[in-house]
Amino acid sequence: MKCWFCEKEARGVCAICGRAVCHEHGYILDQMTIAKSDTSTGVATYFKAYNVLKCKECRVEWETWEQGKKIVK
Ligand SMILES: [Zn+2]
Ligand SMILES: [Zn+2]
Numbered sequence: 001m002k003c004w005f006c007e008k009e010a011r012g013v014c015a016i017c018g019r020a021v022c023h024e025h026g027y028i029l030d031q032m033t034i035a036k037s038d039t040s041t042g043v044a045t046y047f048k049a050y051n052v053l054k055c056k057e058c059r060v061e062w063e064t065w066e067q068g069k070k071i072v073k
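At position 49 of the sequence shown (counting the first as 1) the number is 49 in my numbering, and the numbers step up by one without a gap.
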């Protein structure tokens, strides 16, 4: 498999978007948290991942929603 950004052999796959990346085009995210909350029970579940491989192209953004409305901070 080739890197998405260049013609080099890929060394891994981006954890967010799934693109294959070589050493040069991938970098490591220290920490990534995926939160899953259940409003009916009030239970929030957090999925934490460390040293996640990420490409430089896609973006990770946090969004906060309250009562069906997106809150812009
Ligand atoms: Zn590359
Ligand atoms: Zn990516």
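Even glycine gets a Cβ: it sits at the ideal position worked out from N, Cα and C.
**Member of I28, Q67 and I71 whose CA lies at the smallest distance from the CA of S40** = Q67
**Item:** heavy atom of ligand 1 below 6 Å from E47 C-beta
**Value:** Note that residue 47 is Phe in the sequence shown, not Glu. Answer for F47: no, Cβ out of range of ligand 1.
**Request:** Using 10 angstroms around the beta-carbon of G42, count the other beta-carbons present and answer buried if the total reaches 16, otherwise exposed.
**Result:** A residue is called buried when at least 16 other Cβ atoms come within 10 angstroms of its Cβ; G42 does not meet this threshold and is exposed.
**Prompt:** DSSP beta-bridge partners for F47?
**Reply:** Beta bridge pairing from DSSP links F47 with I34.
**Message:** Buried or exposed, going by whether 16 or more other CB atoms sit within 10 Å of the CB of G26?
**Reply:** buried
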